[in-house]
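This report concerns only the one structure given below.
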Amino acid sequence: MRLTSLRALPALGCFLVFSSTFGHAQTLTPMSASIALPDGPTKEPKRPTSFDLGSLDKTADPCADFYQYSCGNWVKNNPIPSDQVRWGRFNELAERNNYLLYQELKSAADAPKSPLQKKYGDYFAACMNVDLADKLGAKPVEAELKAIDTLTDKKQLAPLNVELEEKFAGGAFFGVGVGQDQVDSTKQILQTGQGGLTLPDRDYYITDDARSKKLRDQYVAHVTAMFVLAGDTPEAAAKEADDVLRIETALAKGSMARVEMRDPAKRYHIMTIAQVQELSPDFNWSQFLTAQKFGSVPTLNVSSPGYVKTVNTVLETEDLTAIKHYMRWHAIHGAAPYLSKPFVEENFNFFNATLAGQKEQTPRWKRCTRMTDQALGEAVGQDWVKQYFPPDAKANMEKLVSALERAMAEDIRTIGWMGDDTKAEAKKKLDAFRQKIGYPENWRDYSKLAVKREDLLGNTERNQIFERDRNHSKLGQPVDEKEWGMTPPTVNAYYQPSMNDINFPAGILQPPFYDNAIDPAVNFGGIGVVIGHEMTHGFDDQGAKYGPTGNVKDWWTPADKKNFNERTDCEAAEYSGFKVAEGQNLNGKLTLGENTADNGGIRIAFAALQETIAKSPKTALAGYTDGKRDGFTAEQRFFISFGQIWCGNQTEQSARMLAKTDPHSTGEWRVKGTVQNFEEFGKAFGCKVGQPMMPTNACRVW
Ligand SMILES: [Zn+2]
């Protein structure tokens with residue numbers, strides 16, 4: 000739940016959906032031959048279906064509310080399970096993938112067949128060992144707390160900052176990471192970001208309405224409770240918690256807002272080490288960088304100079320004791336999911352229950368499966384893809400991607416608001432797109448990661464250090480174009496502007512997104528729109544600022560830029576009008592890139608379907624009688640398939656939190672906003688101009 004990474008820039012990619020970070024590790028029973036499961040799964044989740052007539056609400060008018068029409072019965076019949084805060088068709092598939100992965104992890108933990116299986120089996124087993132975690136209590140984090148306690152001089156903070164940052168990937172004032180230089184994407188440079196907060200966004204510290212104030216009180220109560228669990232008296236804990244809130248509030252005020260961070264120009268400030276030192280004289284940067292073996296680096300990118308200055312003010316104005324309380328909190332908070340039951344429960348009570356509205360703790364086997372996938376995804380994934388990703392799936396995807404690329408080229412060629420010069424540049428960028436499908440060509444090497452079967456927190460710390468070292472070793476090295484940012488079973492996809500590539504993990508290439516046995520209309524409405532979405536990210540408000548080789552570059556004529564901005568402004572204003580909870584609307588500027596990607600994605604997927612039908616109508620319309628299948632035309636099936644991807648329920652708390660933090664609109668508005676901006680939808684369902692799903696003031700970018 001970090002605002003942004005301390006280590007690096009946020010331009011890591013534009014995902015299809017928001018994946019909230021895994022919070023909590025778990026345990027199991029004694030490590031005899033087999034892992035006992037106190038809360039193991041009882042049955043295999045069913046495979047989602049592609050086109051679900053049972054989900055439709057045929058009493059609704061598709062032209063008035065297409066989300067209700069395509070998802071009404073699904074929404075009614077699928078309440079949020081008590082261990083979730085959102086439940087949709089995405090989650091159905093993700094839960095099934097997680098279950099299948101769990102089966103693999105469990106057998107690897109019980110009877111590994113290879114050294115790699117032994118490694119991830121042990122990682123999983125350590126996580127499942129609840130008894131050991133409960134027995135150890137706060138012990139695994141004690142050495143860290145002692146190290147903080149022995150700090151005697153604020154000026155000597157840097158090495159401790161390094162230690163906290165390397166073990167918990169956050170939880171300190173500063174961090175550095177290596178990433179592509181946005182003006183020369185072939186270069187890997189050192190960068191520092193902003194962070195240091197615990198609540199999900201800076202707004203939580205700053206906004207002064209009653210709801211925010213109450214949440215802050217609840218947060219302070221939570222921090223206090225955690226300090227007490229760590230052995231402090233209630234009085235001391237309350238004082239410590241006040242210090243934590245005050246310091247984090249100062250950091251929040253000095254941080255850039257999410258919307259601002261979307262602009263590459265605003266997060267690019269190359270500085271010499273001496274210049275950074277000048278920004279924050281009270282923090283010893285040379286000591287900090289030397290401790291991470293970066294002694295001779297001349298420059299780095301400071302994405303948020305205001306944050307660096309603010310940290311300095313905190314170091315200047317806060318006394319040593321308060322600073323130690325802040326660091327102590329972050330060590331406890333970072334370790335909490337891997338400690339004993341009281342820590343895990345208190346952590347759940349605030350972050351999952353209070354903040355997000357989750358009723359019950361997620362079963363430990365689910366948490367441990369996700370945690371192992373996150374740590375050793377390309378080890379676990381090797382076996383997973385053998386079982387669940389047949390070779391023809393990759394070939395079929397390649398065909399679909401080509402169809403979408405042709406449609407996008409045609410869209411650029413024919414679009415009315417853009418001049419020929421800019422069109423030529425846009426086409427160059429499209430031609431330079433690279434694609435990655437399913438899983439990596441070269442699997443990562445985990446041989447240097449030590450895993451111990453009885454050391455849960457130690458494993459996560461060693462994993463963090465392993466990832467940190469891997470990232471740091473990239474400095475000055477060529478960029479690995481084949482590297483993946485998601486693990487194979489992930490139900491998601493992404494576009495990365497600095498690589499200009501689109502990425503589709505094996506996990507999403509299944510129903511309801513893709514189904515070999517269904518007509519192209521349904522697949523184009525599902526995975527087709529997903530592909531189109533990722534491609535359009537190359538041309539959304541952020542992507543349009545990058546050229547074909549992934550460098551920030553202005554390839555627009557002034558007139559076309561003006562046209563583009565007018566169109567994105569239209570979308571930003573439109574989506575800002577969409578309500579997700581009482582008094583809480585979407586932020587059209589925060590969600591602009593994703594909304595643009597949805598709106599462009601559906602157009603090009605629809606065009607690709609039309610091309611496919613025109614080319615080989617017999618194959619494309621097999622199973623249709625008099626132009627219909629299940630009572631729907633191909634065009635209608637396309638839109639229903641698209642709408643049904645987003646069927647879902649979510650808690651009010653989660654809706655509010657995501658409206659502030661998630662660059663994606665909620666499912667309901669992803670459906671309605673997208674179809675109401677696309678005239679072909681109204682035509683397919685015979686809507687009249689002026690009806691809600693066919694408004695006169697529709698917005699169109701691509
Ligand atoms: Zn996206």
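The sequence shown begins at 0 in numbering that gives the first Met the number 0 and counts up one residue at a time. We treat Cβ as the ideally placed atom computed from N, Cα and C, and that holds for glycine. None of the values given here were measured: they were computed from a predicted structure.
Taken from the Cβ of residue 596, at least one heavy atom of ligand 1 lies inside 6 Å. DSSP places residue 434 in the uninterrupted beta strand (DSSP E) bounded by 433-437. Residue ranges of uninterrupted beta strand (DSSP E) with 3 or more members, entirely inside the segment 612-676 and ordered along the chain, are 647-649. 7 Å or more divides the Cβ of residue 489 from the Cβ of residue 122.
Only residues of its own chain outside the window of five on either side were considered, and among them 358 have a CB closer than 8 Å to the CB of residue 352, listed in chain order. When only Cα atoms are considered, residue 139 and residue 457 end up about 8 Å apart.
Beta-bridge analysis with DSSP links residue 502 to 435, 493.
Counting along the chain, no beta strand (DSSP E) covers residue 52, and no H or E run does either.
Residue 334 sits buried, since 16 or more C-beta atoms from the chains shown fall within 10 Å of its C-beta. Counting C-beta pairs with one atom in each stretch, the segment 419-434 and the segment 550-557 have three or more that are closer than 8 Å, which means they touch.
Put simply, the backbone Cα of residue 461 is about 15 Å away from that of residue 376. Separation of residue 295 and residue 285 (C-alpha to C-alpha, rounded to the nearest whole angstrom) is 9 Å.
With fewer than 16 other CB atoms across the displayed protein chains lying within 10 angstroms of its CB, residue 696 is exposed. Taking 7 Å as the cut-off, the beta carbon of residue 523 is found closer than this to the beta carbon of residue 637. In the structure shown, residue 545 adopts extended strand secondary structure according to DSSP, grouped into three states.
Taking C-beta atoms as the reference points, residue 700 and residue 602 fail to come closer than 7 Å. With contacts defined by Cβ atoms closer than 7 Å, residue 484 and residue 96 do not form a contacting pair. Secondary structure note for residue 578: its beta strand (DSSP E) is the uninterrupted segment 578-580. Between residue 349 and residue 221 a beta carbon distance of about 4 Å is seen, short of the 8 Å cut, so the two are scored as contacting.
Per DSSP, residue 441 is not a residue of any alpha helix (DSSP H), being assigned neither H nor E. For residue 144, the closest of 612, 678, 326 by C-alpha to C-alpha distance is 326. Residue 241 carries a helical assignment under DSSP once its states are collapsed to helix, strand and coil.
DSSP places residue 551 in no beta strand (DSSP E); its state is neither H nor E. The beta-carbon separation of residue 329 and residue 163, rounded to 6 Å, stays under the 8 Å limit for a contact. Taking 7 Å as the cut-off, the beta carbon of residue 258 is found no closer than this to the beta carbon of residue 474. Shortest Cα-Cα distance from residue 72 to any of 229, 666, 646 involves 646. Counting only runs of at least 4 residues, the segment 446-489 fully encloses the following alpha helix (DSSP H) elements, listed from N- to C-terminal order: 455-471. A direct Cα-to-Cα measurement between residue 616 and residue 436 gives close to 27 Å. Around the beta carbon of residue 517, 16 or more other beta carbons lie within 10 angstroms, which makes this residue buried. Taking residue 683 as the centre and dropping the five residues before and after it, the same chain places the C-beta of 632, 634, 635, 637, 638 closer than 8 Å to its C-beta, in chain order. In this structure, 366 is the residue among 281, 366, 411 with its C-alpha nearest to the C-alpha of residue 101.
With distances taken between CA atoms, residue 126 lies nearest to 374 out of 502, 374, 425. Distance check between residue 292 and each of 244, 470, 528 places 470 closest, using alpha-carbon atoms only. Annotation: the continuous alpha helix (DSSP H) that includes residue 366 extends over 363-387.
C-alpha of residue 44 to C-alpha of residue 494: approximately 30 Å in a straight line.
With a threshold of 6 Å, the Cβ atom of residue 403 does not count as near ligand 1, since no heavy atom of the ligand is closer than that.
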